[in-house]
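Undergrad: So that we are looking at the same thing, I have put the structure below in structure tokens.
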Amino acid sequence: MTGPIETTTHTARIADDIRSKIEAGSLQVGDRLPTLPDLQTAYGCSSTIAREAIRLLQQRGLVVTRQGSGSYVRAIPRRRILRGRLIRRDPARGYIMPAAATAQEPWQTHGQPQAATVPAPSTVADVLGINVGTPTVRRRRVTSPAGEVPFQLIDTWIHPDGVVDAPQAGAPDTGPGGYLDRLEEAGHGPMSWSERLRIRVPTADEARLLGISSALPVAELARIGSSARWGRPIEVTICVIPGDRVELMTDLDRDETARWPTSPVIVAQ
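In our numbering, the protein residues as written are 370 to 638.
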């Protein structure tokens, strides 16, 4: 009898093999995947394992299943993001942080945005300088460019003392300009920001909200906002983006030491 660990391994192996065929181009967008009986024959597996492999591919956003028709390779919107350093402002929207395209690009929210007070995890507590588990306002939303599948999960955490100074920053409706305007109006402006990037596996909750497998790595981009009055962080916004949906790019500038024309290379004798 096949055990649960062996079944899971076999399922992942089949899904990975089909994914490799998609990435290599032997299965292209719009192509129909083999039927469940065909998968059973090709991989020597049960119908349950074949079905679970297809489900795993669905979670990764690689295929879509049409009732009564079968499963098909879907296009994965991979966005090439040029990470700039410029923060813009729109009088009607407030601050606009470096993003995937132009500031006017239409984006949509999936589901209902949330504002709740929850225990701060260690990563957030470390940035904000508070104890782990401290009740902290978290503003959560799932967004994407209009018409695309969920692209990112955004969690904004606001320091408890910041909410004391600017209560509306933690309210469901933050008013014109959003929570950043409320914090700056309360005496914390002009704020400044820095970013951190790391690659990790998603939590079960993140994978569920983004509709991906918990085995798919994600990019975590943390933008830390510091108060001018405090001289330290007052908020941190953490964007979690599935690793198969983004390529980050940075333009490189020449330092004065690398000016053109270059000086001849001196070889030590």
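Positions of the beta carbon are idealized from the N, C-alpha and C atoms, including for glycine.
Beta carbon of residue 605, beta carbon of residue 593: below 8 Å?
TA: Within the sequence shown, the letter at position 236 stands for residue 605. Within the sequence shown, the letter at position 224 stands for residue 593. Closer than 8 Å, so yes.
Undergrad: I'd like the list of long-range same chain contacts for residue 607, defined as Cβ closer than 7 Å, with 5 residues on each side in sequence excluded.
TA: The residue labelled residue 607 in the question sits at position 238 within the sequence shown. So the list reads 524, 589, 591, once near-sequence residues are dropped.
Undergrad: Taking 8 Å as the threshold, find out whether the stretch 563 to 571 comes into contact with the stretch 524 to 540 through three or more Cβ pairs.
TA: Fewer than three Cβ pairs drawn from the stretch 563 to 571 and the stretch 524 to 540 lie within less than 8 Å of each other, which leaves the two stretches out of contact.
Undergrad: Grab me the residues of residue 616's own chain with a C-beta within less than 6 Å of its C-beta, minus the 5 sequence neighbours each way, in chain order.
TA: By 1-based counting over the sequence shown, the position of residue 616 is 247. Closer than 6 Å at the Cβ level, and outside the excluded window around residue 616, lie 449.
Undergrad: To the nearest angstrom, report how far apart residue 585 and residue 434 are at their CA atoms.
TA: In the sequence shown, the residue the question calls residue 585 occupies position 216. In the sequence shown, the residue the question calls residue 434 occupies position 65. Taking the straight line from one Cα to the other gives about 20 Å.
Undergrad: With a floor of 4 residues, list each alpha helix (DSSP H) that falls wholly inside the stretch 408 to 465, ordered by position along the chain.
TA: 416 to 428
Undergrad: Once the 5 residues before and after residue 484 are set aside, which same chain residues still bring their CB inside 7 Å of it?
TA: Position 115 of the sequence shown, counting from 1, holds the residue named residue 484. These residues qualify, in order along the chain: 506, 508, 539, 540, 541.
Undergrad: Return the bridge partner residues of residue 487 from the DSSP annotation.
TA: Here the question's residue 487 lines up with position 118 in the sequence shown. DSSP output for residue 487 lists 505 as bridge partner(s).
Undergrad: I'd like to know if residue 617 contacts chain D, where contact means its C-beta is closer than 8 Å to some C-beta of that chain.
TA: The chain labelled as chain D is not found in the depicted structure, where only one protein chain is given.
Undergrad: With a Cβ-Cβ cutoff of 8 Å, do residue 579 and residue 519 count as a contact?
TA: Counting from 1 along the sequence shown, the entry for residue 579 is found at position 210. Counting from 1 along the sequence shown, the entry for residue 519 is found at position 150. In contact: residue 579 and residue 519 (Cβ atoms closer than 8 Å).
Undergrad: With residue 557 and residue 623 assumed to form a contact (beta carbons below 8 Å), what rounded beta-carbon distance in angstroms separates them?
TA: Counting from 1 along the sequence shown, the entry for residue 557 is found at position 188. Counting from 1 along the sequence shown, the entry for residue 623 is found at position 254. Actually they are not in contact, since the Cβ atoms of residue 557 and residue 623 sit about 37 Å apart, beyond 8 Å.
Undergrad: I believe residue 504 touches residue 486 by the beta-carbon criterion, under 8 Å. Please report the beta-carbon distance rounded to the nearest angstrom.
TA: Residue numbering aside, residue 504 sits at position 135 when the sequence shown is read from its first letter. Residue numbering aside, residue 486 sits at position 117 when the sequence shown is read from its first letter. With 8 Å as the limit, residue 504 and residue 486 qualify as a contact, their Cβ atoms being about 5 Å apart.
Undergrad: What residue ranges within the stretch 521 to 545 form continuous beta strand (DSSP E) runs of no fewer than 3 residues, ordered along the chain?
TA: Runs of the beta strand (DSSP E) inside the stretch 521 to 545: 521 to 527.
Undergrad: Between 529, 432, 549, 595, which has its C-alpha nearest residue 581's C-alpha?
TA: On the sequence shown, residue 581 is found 212 positions in, with the first residue counted as 1. Nearest of 529, 432, 549, 595 to residue 581, Cα basis: 432.
Undergrad: Compute the Euclidean distance between the alpha carbons of residue 553 and residue 481, then round it to the nearest angstrom.
TA: Walking along the sequence shown from the start, residue 553 turns up at place 184. Walking along the sequence shown from the start, residue 481 turns up at place 112. Residue 481 has its alpha-carbon roughly 26 Å from the corresponding atom of residue 553.
Undergrad: Using a Cβ-Cβ cutoff of less than 6 Å, which residues in the same chain neighbour residue 495 once the five nearest sequence positions on both sides are dropped?
TA: One-based indexing of the sequence shown puts residue 495 at position 126. Here the set comprises nothing.
Undergrad: State the beta-bridge partners of residue 397 as determined by DSSP.
TA: Position 28 of the sequence shown, counted from the first residue, corresponds to residue 397. DSSP, once it has assigned bridges, lists no residue as partnering residue 397.
Undergrad: Report the three-state DSSP secondary structure of residue 621 (helix, strand or coil).
TA: The residue you call residue 621 lines up with position 252 of the sequence shown. DSSP places residue 621 in coil when its eight states are reduced to three.
Undergrad: What residue range does the alpha helix (DSSP H) around residue 549 cover?
TA: Position 180 of the sequence shown, counted from the first residue, corresponds to residue 549. Here the alpha helix (DSSP H) through residue 549 covers 547 to 552.
Undergrad: Closer than 6 Å by C-beta to residue 469: which residues in its own chain qualify, once you throw out the five before and the five after it? Chain order, please.
TA: Looking up residue 469 in the sequence shown gives position 100. Its pLDDT being 48, under 50, residue 469 is placed unreliably in this model, and the value from its coordinates should be taken loosely. Excluding positions up to five away in sequence, the list reads 448, 450.
Undergrad: Just reading off the beta strand (DSSP E) that residue 474 is part of, what are its end residues?
TA: The sequence position of residue 474 within the sequence shown is 105, counting from 1. Segment: none, residue 474 is in no beta strand (DSSP E) and carries neither H nor E.
Undergrad: For residue 498, count the other beta carbons within 10 Å of its own beta carbon; 16 or more makes it buried, fewer makes it exposed. Which is it?
TA: Counting from 1 along the sequence shown, the entry for residue 498 is found at position 129. Under this definition residue 498 is an exposed residue.
Undergrad: Determine whether the beta carbon atoms of residue 441 and residue 400 lie at a separation below 8 Å.
TA: Reading the sequence shown from its first residue, position 72 is the one you call residue 441. Reading the sequence shown from its first residue, position 31 is the one you call residue 400. In this structure, residue 400 lies closer than 8 Å to residue 441 by Cβ.
Undergrad: Nearest CA to the CA of residue 571: which residue from 537, 611, 404, 454?
TA: The count along the sequence shown starts at 1 and reaches residue 571 at position 202. Selected option, being the one with the closest Cα: 611.
Undergrad: Near residue 546, which residues of its chain fall below 7 Å by C-beta distance, leaving aside the five closest residues on each side in sequence?
TA: As a working mapping, residue 546 is identified with position 177 in the sequence shown. Contacts found: 463.
Undergrad: Taking only three categories from DSSP, how would you classify residue 598?
TA: By one-based count along the sequence shown, residue 598 stands at place 229. Looking at residue 598 - three-state DSSP - the assignment turns out to be coil, as it is neither helix nor strand.
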